[in-house]
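Only one structure is covered here, and it is reproduced in the block below.
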């Protein structure tokens, strides 16, 4: 009698079960890594904005820019406002958040509410500072407003 080669049904079911278990473990870790990458990108973007503000300050003999919208005099320093990339906790607080905000709002104090834009200090002790304008927390539990002030 000739012996056939191949896998039995039980062997195939065991392999499929193992692949399913590995996928169940790997997918949550992968999505967490994606959000950590977005957080890193947002920190990098805030660094780019802060660098442009600092160069403007140096070129203009100690005067902070009135706003950081890349038009007029400030366009020499910042071609376009980079995006806020983070999405962790934003969807729960707002219903939707694309992670694509490039808007800037002027503030006279450190942000203490939730929005999905950049905040730029335009008065007092916060003049020239920039934040993610949100008190929500990232994957490590740190407030987004702490980005750039670590």
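In this note's numbering, the protein residues as written are 9 to 158. Note that the Cβ used here is the ideal one computed from N, Cα and C, for glycine as well. These numbers were taken from a predicted model, which means no experiment stands behind them.
List the endpoints of the continuous alpha helix (DSSP H) containing residue i.
i: residue 142; result: From DSSP, residue 142 is part of no alpha helix (DSSP H) but of the beta strand (DSSP E) over 138-142.
State the DSSP-derived secondary structure class of residue i, mapped to helix, strand or coil.
i: residue 64; result: helix
i: residue 100; result: With a pLDDT of only 48 at residue 100, under 50, the local geometry of the prediction cannot be trusted, and no value is derived from it.
i: residue 113; result: strand
i: residue 129; result: strand
i: residue 16; result: coil
i: residue 40; result: helix
Have a look at the DSSP bridge pairing and note the partners of residue i.
i: residue 156; result: Residue 156 pairs with nothing; no bridge assigned.
i: residue 50; result: DSSP, once it has assigned bridges, lists no residue as partnering residue 50.
i: residue 145; result: 151
Whose C-beta lies closer than 8 Å to the C-beta of residue i among residues of the same chain, with five residues either side of it excluded?
i: residue 147; result: 40, 43, 44, 47, 96
So does residue i have its beta carbon nearer than 7 Å to some heavy atom of the ligand NAP?
i: residue 139; result: Absence of the ligand NAP is noted for the structure shown, with no ligands found whatsoever.
Looking only at its own chain, which residues have a Cβ that is under 6 Å from the Cβ of residue i, when we skip the five neighbours before and after it?
i: residue 60; result: 85, 86
i: residue 135; result: 72, 129
Please go through the same chain and pick out, in chain order, the residues whose beta-carbon is closer than 7 Å to the beta-carbon of residue i, but skip the five residues on each side of it.
i: residue 50; result: 92, 93, 94, 140, 155
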